[in-house]
Every structure is written in structure tokens, then in C-alpha cells.
């Protein structure tokens, strides 16, 4: 079959999140066209190395401009018609909507959309949803009603997302399917036993945005260091200076200078940083099914996360870590202190994380399921 994957960015959308899936499809004898917005010559070479075919297209990543979006959808439909795929699989928020519409216009027989999370507009802040977010939710719901009407199947990673989207749209629930995690190549994140418990090290890996829980993590670190000053807190993730809800460069410099966190900047060996830590922490306000947590669990690390969509699916409270309410830095610190004072629990919970990862996150078990949805 000819299969078109319509992504947003080449990385992480295609070359990280979909790399193994592309390889699987190619090995099954399918011709794969990989559509992305921001190809570089190096990225195209990487796609060719997977024996897939990179294709450029245009679509604004955010915002709603009906005239521009219509123009981009028609242009994408023309490109799809040129390669004549048997199925189009589009993912991320805007591509899943407009990619599905374009596939319908191009006469593609089968159209699969996937939402890997509802995104910023469906993520609450401490004060709930602003009026702007509520209006954007309605706009997004209207677009989903239109776009997904032409999808044969709409995939989600957690059960909360289709429920919440259905409240804001006329989503046909019969088309919805919860896939669960998209998975990892577990060999790339091998289990690493903990060698020493002195000092205890926590690690946070995400963009440095309020919605990822960075401020709760930093406040919890401050609280913990009052009684356990040798405890280490690592932060991996990029700043977003254009986002008003992001940690600022000045705030980052301040917590580094105070000795609250270690911030190595951009690193290419994330798995080694996870392995050097004892506990992975993601106090996010909402996720699809966080890959970083899957990576930490595969390596065998206990996890502290929040009781929100996408995060609560990764941790069995008290088994492989702890689940805490969002926005609660005090309770987050309390769970950190418990693990510092009971290091044997860190190892036990880490081993449970590894067990869960091998059962649920193996991409080589998940890819055949996803491929069957596309090709049936």
C-alpha cells in the first residue's frame, strides 16, 4: 500500500516519535510518504535512510486563519493526489484536522487521524480556564467536528481526551479508539540498576512551561532542600521566551545561582541523565501520554506525576511511584521526602516501572496494532 504520514515537524514528529513505525511499515512492503513542515536537507536524508519518501507541505502550526488554512489544505490535497496514497495517517492537532480534510479532497480511500493530546487550550491553569481558552476550545471543537467527520478512525492516547473533546464538538464516538502509548524502542532505553543512593537525585524533563509543572517542581525542590540540602534536582528542557507562562531566563539563572537545580542546557544523551537520577518527576497539568515518563520507566526509575489526563495512566500510586494533585508543590515535596527517607522504595518502585514498561511500552508490540488500523 501507499501510506502517507502527515506530521507537523520532522523532529520529533517523524524522526523520533514515528521512526520505528516508518521502519516497520517499510519492512512490511509499504511505500511511505512522510509529510512535514520544516524539512532540512539533513532531515530529508534521514527519512530517505529509512527508505521512506520525504514530502514538504505548508500549514501554520498554531492559530486560526481561515483563508490561509483553506489555501494550505487545498495545496496539501494537491500533493496527496500526486502521490495517490491508499491511506493518510495525520497526527498532531492541526495536521490531524486539515490533513484529514485534504485527504478527503484528494479522494484518499482511508483516512486516520490521531490526537496525541488536546494541547494548550484544553490544559487548565491554577485558576481554571480563561475566557480566551474557552473560546478557543469552541473554535477547536468546531474544526474537529468538520475535519473528523471525514475520518474513518480518530485515535487518542488516553481515555480522557475523547471524553473532553466530545463535550466541545460533535465528535462521533463510534469513530474513536484509545490506542494508549505510542511506545519506545526499549533497547534504546535499557534498564539501569541504581548503584548508589548518595545523594538522592530527582530529574524533570520537559519544556520549561507552567503547564509542565516546572514551577511546582522548583518550589518542591526549595522545600526539600530546607531539610535535605544535599538532595539534587536536575532540569532538562528548553526555555520558551515567547510564552508568557514559561520560566524566564532570569528565573532560571536565579534558581541555578541559589543552588536549587542543576541545568546542563541542551543534552543529546537524555537516557544517561535519566539513568544517573533516582526519581523522575513530571508534575504536568495535562499530557497525551508522556514519552519522557515512558523513557524513565523503561530505564527503571520511580515516577512522581500528577492525577491528570495522560499522566495518571503511567503510574499506579504506591506501586511504581506516586500520583499527586496538580498545582500542589507541598504534596509533591512530601512524596519526594518520603522517597529520600525510604531509599529502598526507590529501587522497588523503579523495578515496578521497568516491569510496566516492558508490558505496555514496547513499540514492537504497538506498531503492528497501529499498522493494522491503517491497513485494514
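Numbering (our numbering), first residue to last: 2 to 377.
Beta carbons: idealized from backbone N, C-alpha and C, even for Gly.
Values in this document were obtained by computation on a predicted structure and should not be read as measured data.
| query | result |
| --- | --- |
| Beta-carbon proximity of residue 151 to residue 119, cut-off 8 Å | no |
| Residue interval of the alpha helix (DSSP H) (run including residue 437) | Because the chain is modelled from 2 through 377, residue 437 falls outside the range shown and cannot be assessed. |
| Which of helix, strand or coil DSSP assigns to residue 55 | strand |
| Buried versus exposed, by CB contacts within 10 Å (16 or more), residue 28 | exposed |
| Whole runs of the alpha helix (DSSP H) within the stretch 101-153, excluding any shorter than 4 residues | 132-148 |
| 8 Å Cβ cutoff met for residue 218 and residue 300 | no |
| Status (buried if at least 16 other CB within 10 Å, exposed otherwise) for residue 133 | exposed |
| Inter-residue spacing [alpha-carbon to alpha-carbon] between residue 400 and residue 229 | With the chain covering 2 to 377 only, the question about residue 400 has no answer from this structure. |
| Start and end residues, beta strand (DSSP E) containing residue 198 | That residue, residue 198, is in no beta strand (DSSP E); it is neither H nor E in DSSP. |
| Run of the beta strand (DSSP E) containing residue 34, from where it starts to where it stops | 32-37 |
| As assigned by DSSP and simplified to three states, the class of residue 233 | strand |
| Cβ pair residue 214, residue 128 closer than 8 Å | no |
| For residue 207, the three-state DSSP class (helix, strand or coil) | coil |
| Three-state class that DSSP yields for residue 3 in the structure shown | strand |
| Coarse secondary structure for residue 68, derived from DSSP in three states | helix |
| Paired residues, beta bridge with residue 283 - DSSP | 306 |
| Sequence-distant residues of the same chain with beta carbon closer than 6 Å to residue 48, five excluded per side | 35, 55 |
| Cβ distance (whole Å) where residue 232 is taken to contact residue 341 below 8 Å | 6 Å |
| Residue 364, enclosing alpha helix (DSSP H) - first and last residue | 364-376 |
| Own chain partners of residue 280 with C-beta closer than 8 Å, once the 5 adjacent residues on each side are dropped | 201, 202, 203, 204, 302, 303, 304, 305, 322, 337, 340, 347 |
| Cβ shell of residue 289 (< 6 Å), same chain only, five flanking positions each side left out | 117, 118, 158, 311 |
| Reference residue 345; option with closest CA among 6, 263, 195, 186 | 195 |
| Within 8 Å, strictly: CB atoms of residue 17 and residue 154 | no |
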